[in-house]
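Protein chains in written order, with full-length UniProt numbering: chain U, 1 to 212; chain C, 1 to 235.
Note that beta-carbon positions come from the ideal geometry of N, C-alpha and C, so glycine has one too.
The model shown is predicted, which means the values in this text are computed figures rather than measured ones.
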């Protein structure tokens, strides 16, 4: 195992960097898109609710790999050439956004409806009460599940290996076929993934206990 | 337009359905295995047997925090080094079962922990032994709370079987790739078919979970069930 780290340290670091980069980009956009659809789903407007519901159900029930391969195969064929990294990140963003939307929605709905009524009756508009009263409370509820979604996102970023995204998993395959030591290579890569996800996972469990 | 419709010729549909069969076969096998081992591991983790529970908990945490693709690779390329060479179907069943068992174990642990301790105390006070109380009083209630979370975990299991195409498991994804690899005009129809087929399976499972939640989880327990779903949020 140590020899893998010594001989292929550069590749592993690049992979780690790409995995982190992809996860962070996907997290930011998935948070924005997911929250937008979550708000849409709790809106009084029926049309908005239906649109949000359809979006969430579609992306939740189709495998990440299918979405990612769609952006890797179809989009470059007909519309615009994009790299494997970009298509992987876009796929990951859309897929995660549906899960984040579900999480944020449950957060919004767990806020007492009296809060919205109270805010409206003191003269705030719907959007103002959403922005200043409901969302801050909702996000506090959903921080632990959102953290779990982020862990899933980091793990799911390994789908980049399918589309030549040069992430950690991709480098693992390159190293494994180069060094012919698949067992120890995958162990090394596993350790690197655990460095990313395990502390976050323990911290989220700690937060859950604290909030509960 | 006609060339595109040709994608849905009977030969192709049959080929896709063969893939779907492998997907379902792998899913069902790993669902059964992971449910059995998941419940055992979850209970082991919960009951605080000296050393054993701590070790089981640590292993579960490690497996849960690894990407599934890594575990699939490990089973397919790593196990032969240990003298056991599984074919793609077995490798994916083993990998999925190991990964999902860890996920289910965590759901089970959270589910048992969500049952008020008074239930256990009451059962013990009535003269049941610890294991009797666990088996007859606590576990049935816990499993009722866990159903939505477990079903949504199984939905992600079905979706995740597509990852096993990387070790050339002849599943739905793999067969679709073979078809559009032969004729690039069929790319969009194949992705459409993939999306529709996975969607039908997963969405009906999620409707089933909602039905179970209403039927069994019912009334006062709903809040609890939602909580567990959140804890075990899948992806």
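message = My output table needs one value for residue 8 of chain C: the three-state DSSP class, helix, strand or coil.
response = Residue mapping note: residue 8 of chain C aligns to position 8 of the second chain, counting from 1. Looking at residue 8 of chain C - three-state DSSP - the assignment turns out to be helix.
message = Going by beta-carbon coordinates alone, are residue 133 of chain C and residue 111 of chain C separated by less than 8 angstroms?
response = As a first step, residue 133 of chain C is located in the second chain; it is residue number 133 there, counting from the start. As a first step, residue 111 of chain C is located in the second chain; it is residue number 111 there, counting from the start. No; because the gap between Cβ atoms is not below 8 angstroms, this pair is not in contact.
inquiry  = Suppose you measure from the CA of residue 152 of chain U to the CA of residue 100 of chain U; what does that come to, to the nearest Å?
reply    = As a working mapping, residue 152 of chain U is identified with position 152 in the first chain. As a working mapping, residue 100 of chain U is identified with position 100 in the first chain. Each residue's Cα considered, the two are about 11 angstroms apart.
Residue 62 of chain C CB to nearest heavy atom of the ligand ZN below 7 angstroms = Among the ligands in the structure shown, none appear at all, so the ligand ZN cannot be discussed.
task = Would you tell me roughly how many angstroms separate the C-alpha atoms of residue 74 of chain U and residue 94 of chain U, rounded to the nearest one?
result = Counted from its first residue, the first chain places residue 74 of chain U at position 74. Counted from its first residue, the first chain places residue 94 of chain U at position 94. When rounded, the distance between both Cα atoms is 16 angstroms.
inquiry  = For a contact defined as C-beta to C-beta under 7 angstroms, what are the partners of residue 162 of chain C on chain U?
reply    = Locating residue 162 of chain C in the second chain gives position 162, counting from the first residue. Neighbours of residue 162 of chain C on chain U, chain order: 63, 65, 66.
inquiry  = Could you compute how far the alpha carbon of residue 5 of chain C sits from the alpha carbon of residue 11 of chain C?
reply    = By one-based count along the second chain, residue 5 of chain C stands at place 5. By one-based count along the second chain, residue 11 of chain C stands at place 11. For residue 5 of chain C and residue 11 of chain C, the distance between alpha carbons rounds to 13 angstroms.
Residues, ordered as in the chain, of the stretch 2-35 of chain U that lie near chain C by beta-carbon distance below 8 angstroms = Of all residues in the stretch 2-35 of chain U, none comes within less than 8 angstroms of chain C when Cβ atoms are compared.
query = Excluding the five sequence neighbours on either side, which residues of its own chain have a C-beta within less than 8 angstroms of the C-beta of residue 5 of chain U, listed in chain order?
reply = To locate residue 5 of chain U, count along the first chain from 1; it is residue 5. For residue 5 of chain U, where only same-chain residues beyond five positions count, the Cβ hits under 8 angstroms are 12, 188.
Proximal residues of chain U, C-beta to C-beta of residue 195 of chain C below 7 angstroms = Numbered from 1 along the second chain, position 195 holds the residue referred to as residue 195 of chain C. Residues of chain U passing the Cβ test: 62, 66.
query = Considering only C-alpha positions, which residue in the set U:23, U:168, U:118 is nearest to residue 132 of chain U?
reply = The sequence position of residue 132 of chain U within the first chain is 132, counting from 1. The option with the nearest alpha carbon to residue 132 of chain U is U:118.
inquiry  = So, with DSSP's three-state summary, where would you put residue 141 of chain U?
reply    = Against the first chain, residue 141 of chain U aligns to sequence position 141. Helix, per DSSP.
Per-residue DSSP class, three states only, for residue 102 of chain C = Your numbering for residue 102 of chain C matches position 102 in the second chain. Helix, per DSSP.
ask   = Based on Cα-Cα distance, which residue from C:44, C:207, C:205, C:180 lies nearest to residue 9 of chain C?
value = In the second chain, counting from the first residue as 1, residue 9 of chain C sits at position 9. Looking at the Cα atoms, C:180 is the closest of the given residues.
request  = Could you tell me whether the Cβ of residue 86 of chain C comes closer than 8 angstroms to any Cβ of chain U?
outcome  = By 1-based counting over the second chain, the position of residue 86 of chain C is 86. So, not an interface residue.
task = Just list the alpha helix (DSSP H) runs in the stretch 69-117 of chain C, keeping only unbroken ones of 4 residues or longer that don't cross its boundaries, in chain order.
result = Runs of the alpha helix (DSSP H) lying entirely within the stretch 69-117 of chain C, each at least 4 residues long, are 88-113 in chain order.
query = If we cut at 8 angstroms on Cβ distances, does residue 38 of chain C have a partner in chain U?
reply = Counted from its first residue, the second chain places residue 38 of chain C at position 38. No, because no Cβ of chain U sits closer than 8 angstroms to the Cβ of residue 38 of chain C.
task = Give a yes or no on whether 8 angstroms exceeds the smallest Cβ distance from residue 89 of chain U to chain C.
result = For this step, residue 89 of chain U is matched to residue 89 along the first chain. Among the residues facing chain C, residue 89 of chain U is not included, as its CB has no counterpart in that chain under 8 angstroms away.
message = Between which two residues does the alpha helix (DSSP H) holding residue 28 of chain U run?
response = If you number the first chain from 1, residue 28 of chain U lands on position 28. It spans 2-41 - the alpha helix (DSSP H) in which residue 28 of chain U sits, taken as one unbroken run.
query = Can a CB atom of chain U be found closer than 8 angstroms to the CB of residue 159 of chain C?
reply = Position 159 of the second chain, counted from the start, is the residue given in the question as residue 159 of chain C. Output row for residue 159 of chain C: interface = yes.
task = Run down chain B in chain order and give the residues with a C-beta less than 8 angstroms from the C-beta of residue 65 of chain C.
result = In the displayed structure, chain B is absent; the protein chains listed are U and C.
ask   = Which residues of chain C have a Cβ atom closer than 9 angstroms to the Cβ of residue 176 of chain U, listed in chain order?
value = Counted from its first residue, the first chain places residue 176 of chain U at position 176. Under the 9 angstroms cutoff, chain C gives 73, 77.
ask   = How many angstroms separate the CA atom of residue 196 of chain C from the CA atom of residue 48 of chain C?
value = Within the second chain, the letter at position 196 stands for residue 196 of chain C. Within the second chain, the letter at position 48 stands for residue 48 of chain C. Taking the straight line joining both Cα atoms gives about 45 angstroms.
message = For a contact defined as C-beta to C-beta under 7 angstroms, what are the partners of residue 175 of chain C on chain U?
response = On the second chain, residue 175 of chain C is found 175 positions in, with the first residue counted as 1. Correct list: empty, because the minimum Cβ distance to chain U is about 13 angstroms.
inquiry  = Can you pull the chain U neighbours of residue 198 of chain C, defined as C-beta to C-beta under 7 angstroms?
reply    = Along the second chain, one-based indexing puts residue 198 of chain C at 198. Under the 7 angstroms cutoff, chain U gives 61, 62, 63, 66.
ask   = Relative to the alpha-carbon of residue 87 of chain U, which residue among U:96, U:71, U:38 has its alpha-carbon at the smallest distance?
value = If you number the first chain from 1, residue 87 of chain U lands on position 87. The shortest C-alpha separation from residue 87 of chain U is found at U:71.
message = I'd like to check one pair, residue 105 of chain C with residue 150 of chain C: are the Cβ atoms closer than 8 angstroms?
response = Counting from one through the second chain, the residue named residue 150 of chain C turns up at place 150. Counting from one through the second chain, the residue named residue 105 of chain C turns up at place 105. The answer is no: Cβ separation not under 8 angstroms.
key: Enclosing alpha helix (DSSP H) for residue 191 of chain U [first to last residue]   = Residue 191 of chain U sits at position 191 when you count from the first residue of the first chain. For residue 191 of chain U, the enclosing alpha helix (DSSP H) starts and ends at 182-211.
task = State buried or exposed for residue 122 of chain U, treating a residue as buried only when at least 16 other CB atoms are found within 10 Å of its CB.
result = Taking the first chain and counting its residues from 1, the one referred to as residue 122 of chain U is at position 122. It is exposed - the Cβ of residue 122 of chain U has fewer than 16 other Cβ atoms within 10 Å.
ask   = Does the beta carbon of residue 203 of chain C sit closer than 8 angstroms to a beta carbon anywhere in chain U?
value = Translated into positions along the second chain, residue 203 of chain C becomes position 203. Taking Cβ atoms only, chain U reaches closer than 8 angstroms to residue 203 of chain C, which makes this a yes.
query = Does any C-beta atom of chain U lie closer than 8 angstroms to the C-beta of residue 69 of chain C?
reply = Along the second chain, one-based indexing puts residue 69 of chain C at 69. Closer than 8 angstroms: yes.
key: residue 159 of chain C burial status per 10 Å Cβ neighbour count (16 or more: buried)   = The residue labelled residue 159 of chain C in the question sits at position 159 within the second chain. Counting Cβ neighbours within 10 Å, residue 159 of chain C comes out buried, since at least 16 surround it.
key: residue 64 of chain U versus C:209, C:165, C:25, residue with shortest Cα-Cα distance   = For the purposes of this step, residue 64 of chain U is taken as the residue at position 64 of the first chain. Among C:209, C:165, C:25, the Cα nearest to that of residue 64 of chain U belongs to C:165.
query = Just curious, the alpha helix (DSSP H) that residue 167 of chain U is in, first and last residue?
reply = The residue labelled residue 167 of chain U in the question sits at position 167 within the first chain. Note, residue 167 of chain U: premise wrong, no alpha helix (DSSP H); not H, not E.
Chain-ordered neighbours of residue 188 of chain C on chain U, where CB pairs are closer than 7 angstroms = Here residue 188 of chain C refers to the residue found at position 188 when the second chain is read from its first residue. Those within 7 angstroms of residue 188 of chain C in chain U are 74.
key: the stretch 66-79 of chain C / the stretch 172-190 of chain U touching (three or more Cβ pairs under 8 angstroms)   = yes
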